[in-house]
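Mapping to our numbering: the sequence shown position 309 is 390, numbers consecutive.
The C-beta atom is built at its ideal place from N, Cα and C for all residues, glycine as well.
Since the model is a prediction, treat every value here as computed from it, not as a measurement.
Below you'll find the structure, written out as structure tokens, and then a few comments.
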Amino acid sequence: MNSLRKHRTAMGVAAAILVIALGPLAVDDTYTQGLIVNFGIDAVLALGLVLLVGYAGQFSLAQAAFAAIGAYGSAIGTVRLGWPPLVSMVVAAAVAALLVYAIGRPILRLRGHFLAMATLALGEILYLLLTNSEELGGSSGFGGIPPFSVFGLSFDDQRAQVYLVLVVLALGLWFAVRMKSSREGRALRALRINETVASAHGVDAARAKTKAFVLSAVFGSVAGSLYAHTMMYVNPAPFGVMHSVEILVVAVIGGVLSPWGPLVGAAVLTLIREASTSVIPGVLGEGAVGAGEEFTVGLLLVLVLVLMPEGVVGAIGRLRARLLPARSVADPAPAQPSAPVTAPSPARSPGRVRLQVSGLTKRFGGVVAVGDVDLVLHDSEILGVIGPNGAGKSTLINLLSGVLTPTEGRIEFDGEDVTRAPAHKVAAKGLARTFQTPVVFGGMSVLETVLVGTYTVGRAGIARSVIPTPGVLREERQLREAAEAALARCGLAHLADVEADQLSLGHQKVLEIARGLAGRPAVLLLDEPAAGLNRAEKQRMAALLRELRAEGIALLLVEHDMEMVMELVDRVHVLEFGKTLRVGTPDEVRSDPEVIRAYLGVDEDEDEEGAIRVDH
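Structure below.
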């Protein structure tokens, strides 16, 4: 399946090269060539939104503003400063990138409508500055911009401009395609689905979102420079907020999750514009051109959102998936239900201390979720954490993994204080975790989902990821081998190419463990991994946890299945109302009167010796 995907991508790239090479030769009239130029510029702009909105999940209405920076930057560089067009384009893109880098982190702390309003304000501020700047010609703008040229080659006729724009579009498409399947691209796509889970696997959310915002600005700026050098004139009108909305529509109609979506969306927008100038005037009159275009675009957007929420490209992908025979994701045949969930754990000597917690406290207002907890976790140990609902078990895992910051106390990992370290830094030190409700990444295969877990192992950034150097290819191969090994040991290798959100609950629970193992952790925190599983699935999971312990991994297990906990773990830590009630071996905890009172319960049918049965 992976080879098939690579084959399809290669075919798509080959087709794009063929269109770029031969397409302009088949078009003679300058009007159609002008349409192709506009199509290409819109597609480049929309590709920037795919990186930001589609990959990173950050909404933006500032793309036209970045295009304005590129257009005016190229105009000023070539006309006022006498720079070569290529230098002007690069400098303008650098200015856009620096501007976004400076304001990106504070803006990207906002979410939803607030983020949309912030980017809208950014675009409107720049538009007003350009409109009221006498130095830049105000609303009239200024001309005299030379055609683009590089290394003595001038793109001064329409056909040459078509080649220029299509080549830039092809490079942008290549970048977006390469990035989607790269280490950084997977991190962004995971971030879009669930920021907490992505951070727990080592992704610095703020930094990753800022990178995507910067890339979006660079794409917008380059598109603006192309516009300036093909029109040879700039004014503020094409860079208003409505153009940002148009570009967003292009991305959404084509499919904002796919790098191929902007090509479809830009083609649709070009056809709508053409129809609005050639068809609508004859039907509704000349005065209806603008309104007709806006109405058609708006109607099409509504239809796409209702009928094809993932855009045209996404709809085609779903149709292809329906037509192709689906791989079965059924669970393997269950083991005999008469078998015990686990065999009793033998006595073990504790290894080195991996995780040490002292006086850990977390308050939410006046509520103490975790209060003054001390905890030690060793190598080659499974520590069970039990307690009634609301005892603070999941809060404890969130504190240990950096998702929450303690109110008081200290957390040490390998002797290093990580009390206030954010989740991505804790993960980078070798701590992985699962979640009570399994989180899979929609639109990603099982293998890609596990590859997200290798983020802390890899080193290639965006620039290195998209350039297939031997070092990058070697690292990507190593990451895939690690992910495939994690899938194999968890019994999911046969499902590597299945969409992760198509798995059963049992498979999703195991998939979370595989994703955690792919990062080669020293400590693995498991938040109710057996919840909702049948007996056979619990047997397989218990066997896997035993293997991990034998390999030296320190495991902290939060679980409600008392039979599984008592037969599997080395020690038990009991919580009640956020405080430690008892710490000891399973036998010690099972027979402790306070634990029985608080959680386990007493069987009315005690045997003659007073032994207490664990309620299941």
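V538 sits in coil when the DSSP states are folded into three classes, being neither helix nor strand. In the structure shown, G659 adopts coil according to DSSP, grouped into three states. The Cβ atoms of R264 and T661 lie no closer than 9 Å to each other. Under the three-state reduction of DSSP, S526 is assigned to strand. Close CB contacts of E657 within its chain, under the 8 Å cut and outside five residues either way in sequence, are with G468, P469, A472, A679, Y680 (chain order). Contact between A146 and G204 holds: their C-beta atoms lie close to 4 Å from each other, under 8 Å. The alpha-carbon separation between A202 and A177 amounts to approximately 16 Å. Remark: three or more beta-carbon pairs, one from each stretch, lie closer than 8 Å, so the region 139-154 and the region 167-182 are flagged as touching. Counting along the chain, no alpha helix (DSSP H) covers T442; the unbroken beta strand (DSSP E) around it starts and ends at 434-445. Note on H194: under 16 other CB atoms within 10 angstroms of its CB, so exposed under the neighbour-count rule. At the C-beta level, G511 and V604 come within 9 Å of one another.
Rounded to the nearest whole angstrom, the C-alpha separation of V299 and A199 is 19 Å.
Per DSSP, the continuous alpha helix (DSSP H) segment holding I543 begins and ends at 543-547. Between A332 and G392, the C-beta spacing is below 9 Å. The beta carbon of L382 sits closer than 7 Å to the beta carbons of V330, V333, I334 from its chain, once the five residues preceding and following it are set aside; these are given in chain order.
With fewer than 16 other beta carbons inside 10 angstroms of its own, I206 counts as exposed. Assignment of G398 by DSSP, reduced to helix, strand and coil, places it in the helix class. Between the alpha carbons of Y314 and L380 lies a gap of roughly 32 Å. An exposed status is given to L210, since fewer than 16 other beta-carbon atoms sit within 10 Å of its beta-carbon. Scanning the region 171-230 from its first residue to its last, the whole alpha helix (DSSP H) runs of 4-plus residues come out as 193-212.
DSSP places G115 in the uninterrupted alpha helix (DSSP H) bounded by 111-130. Using a Cβ distance threshold of 9 Å, I226 and M312 count as a contacting pair.
Remark: fewer than three beta-carbon pairs, one from each stretch, lie closer than 8 Å, so the region 247-255 and the region 511-530 are not flagged as touching.
Annotated three-state conformation of G511 is coil, per DSSP.
If the five residues before and after T537 are omitted, its C-beta is found closer than 6 Å to the C-beta atoms of G283, A508, A509, G600, all from its own chain and listed in chain order. Rounded to the nearest whole angstrom, the C-alpha separation of L167 and G542 is 25 Å.
Under DSSP, D608 takes part in a beta bridge, and its partners are V639. Excluding residues up to 5 positions away in sequence, H459, D460, S461 lie with their Cβ nearer than 6 Å to the Cβ of G432 in the same chain. CA-to-CA, the gap between G346 and Y244 works out to about 20 Å. The continuous beta strand (DSSP E) containing D455 extends over residues 448-459.
Excluding residues up to 5 positions away in sequence, R514, T515, I594, L626, L636, L637, L638, V639, E640 lie with their Cβ nearer than 8 Å to the Cβ of L607 in the same chain. Per DSSP, the unbroken alpha helix (DSSP H) holding I328 starts and ends at 322-335. Looking at R273, G465, V394, P317, the one whose alpha-carbon comes closest to that of V664 is G465. Under the three-state reduction of DSSP output, F300 falls in the helix class. Judged by their CB atoms, L436 and L480 are not nearer to each other than the 9 Å cut-off.
DSSP, read as helix, strand or coil, puts E265 in helix.
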